[in-house]
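First to last, the protein sequences are chains A and B. Read in the numbering used here, the first sequence has 328 at position 328, and its numbers run on one by one without any break. Quick note, the numbering used here runs 1000 ahead of the 1-based positions in the second sequence. All C-beta atoms in this analysis are idealised placements derived from N, C-alpha and C, irrespective of residue type, glycine included.
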Amino acid sequence: MNETVISPGMTWPGSSGAGDRRRLAARTSLALILLMLLVSVVSLGIGAADASFWNSLVTLARGGELSALERVILFDIRLPRLAMGLLVGAALAVSGAVMQGLFRNPLADPGLVGVGAGAGLGAIIAIVLGASLPAAVSLAIGHYIVPVAAFLGGWVATLVLYQVSTSRGRTSVAMMLLAGIALGALAAALSGILVYMADDAQLRDLTFWGFGSLAGATWGKLMAAAPLILLAMAAAPFLARSLNALALGEAAAAHLGIPIQRMKMLAVVVVAMATGAAVAVSGGIGFIGIVVPHLLRISVGPDHRYLLLNSALLGASLLVLADTISRTIIAPAELPIGILTAVIGGPVFIWILLRNRGMLNL
Amino acid sequence: MIRVLFLLLATCVYVAPAMAAERVISIGGSVTEIVYMLEQEERLVGRDTTSSFPPEAESLPDVGYKRALSPEGVLSLDPDLVLAEEGSGPHETIAVLENARVRFVTVPTGYGAEAIRAKIEVVSDALGVPDRGRQLADRIESELEAAVAAASTDRPARVLFILSMQGGRIMAGGRDTSADGIIRLAGAENAMTGFTGYKPLTDEAVIATAPDVILMMERAMAGDDAGGNHGIDNDALFNHPGLAATPAAERQAVVRIDGLLLLGFGPRTPEAVRALTSALADFDEAG
Chain A
1 MNETVISPGM TWPGSSGAGD RRRLAARTSL ALILLMLLVS VVSLGIGAAD
51 ASFWNSLVTL ARGGELSALE RVILFDIRLP RLAMGLLVGA ALAVSGAVMQ
101 GLFRNPLADP GLVGVGAGAG LGAIIAIVLG ASLPAAVSLA IGHYIVPVAA
151 FLGGWVATLV LYQVSTSRGR TSVAMMLLAG IALGALAAAL SGILVYMADD
201 AQLRDLTFWG FGSLAGATWG KLMAAAPLIL LAMAAAPFLA RSLNALALGE
251 AAAAHLGIPI QRMKMLAVVV VAMATGAAVA VSGGIGFIGI VVPHLLRISV
301 GPDHRYLLLN SALLGASLLV LADTISRTII APAELPIGIL TAVIGGPVFI
351 WILLRNRGML NL
Chain B
1001 MIRVLFLLLA TCVYVAPAMA AERVISIGGS VTEIVYMLEQ EERLVGRDTT
1051 SSFPPEAESL PDVGYKRALS PEGVLSLDPD LVLAEEGSGP HETIAVLENA
1101 RVRFVTVPTG YGAEAIRAKI EVVSDALGVP DRGRQLADRI ESELEAAVAA
1151 ASTDRPARVL FILSMQGGRI MAGGRDTSAD GIIRLAGAEN AMTGFTGYKP
1201 LTDEAVIATA PDVILMMERA MAGDDAGGNH GIDNDALFNH PGLAATPAAE
1251 RQAVVRIDGL LLLGFGPRTP EAVRALTSAL ADFDEAG
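And the structure:
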């Protein structure tokens, strides 16, 4: 086997030469960066409150003072929310792309291996049992208890997954998938028990948590989630070449000298960190992780060197866009963003499937 | 003279906005009802989804469900006071509002006469009309006492409150619920005391409760239901395998009362007690 075998052109029938594709990928990245900036500016500029954002900017630029209300809306609501949207969107899309590469399955998603379910279980435990915690503990972690528990839940699920699917230093992807399904079912069952124990107020909290929302974005939560997500984002590019090689099959990738075991470990850690942190701060937001990598594979091809970066950019833009819509469409009330991503993502996903039936071998 | 007039006018202009500046958002059906009863509705600039009475309240901007308030949505109405039923949130929204120097007053909830007084007093104090509040609380209290006295009976009916029936599963109201509270005030007995809150019952548990009367909401409290369809007709209700074997099915005894009226524990609770009492009395005579 030689170097050309792992070039993505070989795994993507009908695509053009490597040079063309590199130029296309670069152009796509540039376009996506512009899209992200545009969406961010729009998101900061509009909202339920007529806080005259542009006036605020002019005032600030002239060294003037903002009113208390303008300050709160800009710095306490829209900015942390924008940052959270960008981070969570990127985290979900990159996690999706890595999972799909790892499992060589276009339908793979962090939800598939139980990471999302574990995080969800953690959140439910916190919502239902949080009230009966000792006062000292509640005081210490306060309102961060739900995100912290969700993150821990995601990690526990990942650890169990690893223990189950690794034997004699080898991780089986098939075992991981099956174990993930079992873990997901177990988490759902445990959640069911807790739902039964919950009072009706907690039930409503659970329902809204399940829809996902960026409404609770605060600097504090952002500080908790950002390091994990950024670390995962920084690690993801190191996976690109290995994921490309893995597309040929595990044996072939091993022959190419890819340290398969280390690479799988890194991939799962990246996904657990990014998904756990994202789910922890935003609840259940679906479809970004599955739709975004697909859209990009159609436009720039399956080469992970471009796919991962572009997924981060597009995921960030799409989530911020969805959030902007969700908080303005029925203002002053707000639509849970998970509902919006599902309503938009579902049909888009079906459209992608139908258009690419042949290519995806489905 | 003109100068005096001008000064007077200037003072008015200066003072008037300061007085009328209070822009109030009311969160929670019973809180909104109290604001209207205190005749302070002119100061309302917004309400939540559960505030559906009086009907005029529904023309106010809706800031969403009381437990999922959006900080910017609330701030967009430029309020200087938010009156919110206990349990409103989330915490993050309240923290942002407080950061924006919006006064946030939590109105306590509860399922008894003293809870209604506490609600009225907290709301009227926050609105700066404590005297009106005391009058209203006194009036509601005496009305409620009269309604409760009229309701007392030697043979309390066993009442099962059904929140929803989905896929044949009955969601019933146990202890520490507003349903339990109103059943007691109406001199009846809650047939389901084995648990707290609203829980699904097995068919056998339904039979074991042996209710004389079924109590339901006539219509879901807007945005405040647990996702069930409350509009279940009598046939569907009494063909339920558990319910079919109860005394209530025998007499086809079901009472339906508007959700916010029945469970709101606001100024209309005496009315709810009277409505429930008279409905129970009808079945008592019939049975």
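If you follow the alpha helix (DSSP H) that residue i is part of, which residue opens it and which one closes it?
{"i": "Ser1076 (chain B)", "result": "Pro1071 to Ser1076"}
{"i": "Val348 (chain A)", "result": "Ile337 to Arg355"}
{"i": "Phe208 (chain A)", "result": "Asp200 to Phe211"}
{"i": "Phe1104 (chain B)", "result": "No alpha helix (DSSP H) contains Phe1104 (chain B), which is instead part of the beta strand (DSSP E) from Arg1103 to Val1107."}
{"i": "Met233 (chain A)", "result": "Trp219 to Ala235"}
{"i": "Leu1215 (chain B)", "result": "Here Leu1215 (chain B) belongs to no alpha helix (DSSP H); instead the beta strand (DSSP E) covers Val1213 to Met1217."}
{"i": "Ser1030 (chain B)", "result": "Gly1029 to Met1037"}
{"i": "Ile1257 (chain B)", "result": "Here Ile1257 (chain B) belongs to no alpha helix (DSSP H); instead the beta strand (DSSP E) covers Val1254 to Ile1257."}
{"i": "Gly1046 (chain B)", "result": "Counting along the chain, Gly1046 (chain B) falls outside any alpha helix (DSSP H), though it belongs to the beta strand (DSSP E) covering Leu1044 to Arg1047."}
{"i": "Glu1092 (chain B)", "result": "His1091 to Asn1099"}
{"i": "Glu250 (chain A)", "result": "Glu250 to His255"}
{"i": "Gln1293 (chain B)", "result": "A query on residue 1293 (chain B) cannot be resolved here, the shown segment of chain B reaching from 1001 to 1287 and no further."}
Give the single residue among the options whose Cα lies nearest to the Cα of residue i.
{"i": "Val160 (chain A)", "options": "A:Gln202, A:Val115, A:Asn244 and A:Ala123", "result": "A:Val115"}
{"i": "Val1129 (chain B)", "options": "B:Asn1099, B:Glu1039, B:Gly1110 and B:Arg1274", "result": "B:Glu1039"}
{"i": "Leu186 (chain A)", "options": "A:Ala245, A:Leu121, A:Ser213 and A:Gly315", "result": "A:Leu121"}
{"i": "Leu86 (chain A)", "options": "A:Ser299, A:Leu32 and A:Asp20", "result": "A:Leu32"}
{"i": "Asn310 (chain A)", "options": "A:Ser56, A:Leu92, A:Leu69 and A:Ala48", "result": "A:Leu92"}
{"i": "Met1192 (chain B)", "options": "B:His1240, B:Ala1186 and B:Asp1180", "result": "B:Asp1180"}
{"i": "Val42 (chain A)", "options": "A:Ala117, A:Val320, A:Arg355 and A:Leu30", "result": "A:Val320"}
{"i": "Ile1214 (chain B)", "options": "B:Asp1078, B:Gly1194, B:His1240 and B:Phe1195", "result": "B:His1240"}
{"i": "Gly1168 (chain B)", "options": "B:Leu1237, B:Val1102 and B:Gly1112", "result": "B:Leu1237"}
{"i": "Val1255 (chain B)", "options": "B:Glu1218, B:Pro1270 and B:Leu1261", "result": "B:Glu1218"}
{"i": "Asp1080 (chain B)", "options": "B:Ser1088, B:Asn1099 and B:Lys1066", "result": "B:Asn1099"}
{"i": "Glu1177 (chain B)", "options": "B:Val1031, B:Asp1282 and B:Tyr1111", "result": "The sequence shown places Thr at residue 1177 (chain B), rather than the Glu named in the question. Nearest option by C-alpha distance: B:Tyr1111."}
{"i": "Ile1025 (chain B)", "options": "B:Arg1103, B:Pro1055 and B:Gly1133", "result": "B:Arg1103"}
Does DSSP put residue i in a helix, a strand or coil?
{"i": "Glu1121 (chain B)", "result": "helix"}
{"i": "Ala1226 (chain B)", "result": "Note that Ala1226 (chain B) scores 42 on pLDDT, short of 50, meaning its location in the model is unreliable and no value can be drawn from it."}
{"i": "Val1129 (chain B)", "result": "coil"}
{"i": "Ala1281 (chain B)", "result": "helix"}
{"i": "Lys1199 (chain B)", "result": "strand"}
{"i": "Ala1220 (chain B)", "result": "The predicted model places Ala1220 (chain B) with a pLDDT of 45, which falls under 50 and marks its position as unreliable; any figure quoted below should be read in that light. Ala1220 (chain B) falls in the coil class under three-state DSSP."}
{"i": "Thr1153 (chain B)", "result": "coil"}
{"i": "Glu1189 (chain B)", "result": "strand"}
{"i": "Asp76 (chain A)", "result": "helix"}
{"i": "Ile1300 (chain B)", "result": "Any question about residue 1300 (chain B) goes unanswered here, given that chain B covers just 1001 to 1287."}
Would you say residue i reaches chain B, if we count a Cβ-Cβ gap shorter than 8 Å as a contact?
{"i": "Glu250 (chain A)", "result": "no"}
{"i": "Thr218 (chain A)", "result": "yes"}
{"i": "Glu65 (chain A)", "result": "no"}
{"i": "Val160 (chain A)", "result": "no"}
{"i": "Met10 (chain A)", "result": "Note on Met10 (chain A): pLDDT 42, under 50, position unreliable in the model; the coordinate value appears next. Not an interface residue."}
{"i": "Ile77 (chain A)", "result": "yes"}
{"i": "Leu57 (chain A)", "result": "no"}
{"i": "Val72 (chain A)", "result": "yes"}
{"i": "Ala83 (chain A)", "result": "no"}
{"i": "Phe208 (chain A)", "result": "yes"}
So, are the CB atoms of residue i and residue j less than 8 Å apart?
{"i": "Ile127 (chain A)", "j": "Trp209 (chain A)", "result": "yes"}
{"i": "Val1082 (chain B)", "j": "Ile1027 (chain B)", "result": "yes"}
{"i": "Pro1156 (chain B)", "j": "Pro1211 (chain B)", "result": "no"}
{"i": "Val1063 (chain B)", "j": "Ala333 (chain A)", "result": "yes"}
{"i": "Ala277 (chain A)", "j": "Leu354 (chain A)", "result": "no"}
{"i": "Ala94 (chain A)", "j": "Ala274 (chain A)", "result": "Before going further, note that residue 94 (chain A) is Val rather than Ala in the sequence given. In contact: Val94 (chain A) and Ala274 (chain A) (Cβ atoms closer than 8 Å)."}
{"i": "Ala240 (chain A)", "j": "Arg305 (chain A)", "result": "yes"}
{"i": "Ala18 (chain A)", "j": "Ala316 (chain A)", "result": "no"}
{"i": "Pro1270 (chain B)", "j": "Ala1188 (chain B)", "result": "no"}
{"i": "Phe211 (chain A)", "j": "Gly289 (chain A)", "result": "no"}
Could you spell out where the beta strand (DSSP E) holding residue i opens and where it closes?
{"i": "Gln1166 (chain B)", "result": "Arg1158 to Gln1166"}
{"i": "Ile1170 (chain B)", "result": "Arg1169 to Gly1173"}
{"i": "Glu1085 (chain B)", "result": "Leu1081 to Glu1085"}
Check the Cβ-Cβ distances between residue i and every residue of chain A, and say whether any is below 8 Å.
{"i": "Tyr1111 (chain B)", "result": "no"}
{"i": "Gly1242 (chain B)", "result": "no"}
{"i": "Glu1072 (chain B)", "result": "yes"}
{"i": "Ser1076 (chain B)", "result": "yes"}
{"i": "Pro1211 (chain B)", "result": "no"}
{"i": "Val1063 (chain B)", "result": "yes"}
{"i": "Asn1099 (chain B)", "result": "yes"}
{"i": "Met1221 (chain B)", "result": "Its pLDDT being 41, under 50, Met1221 (chain B) is placed unreliably in this model, and the coordinates cannot settle the point."}
{"i": "Arg1169 (chain B)", "result": "no"}
{"i": "Pro1108 (chain B)", "result": "no"}
For a cutoff of 8 Å on Cβ pairs, would you count residue i as touching chain C?
{"i": "Gly1197 (chain B)", "result": "Absence of chain C from the displayed structure is noted, the protein chains being A and B."}
Given the structure, does residue i come close to the ligand NAP, in the sense that its CB is under 7 Å from one of the ligand's heavy atoms?
{"i": "Glu1250 (chain B)", "result": "This structure does not include the ligand NAP; it has no bound ligands of any sort."}
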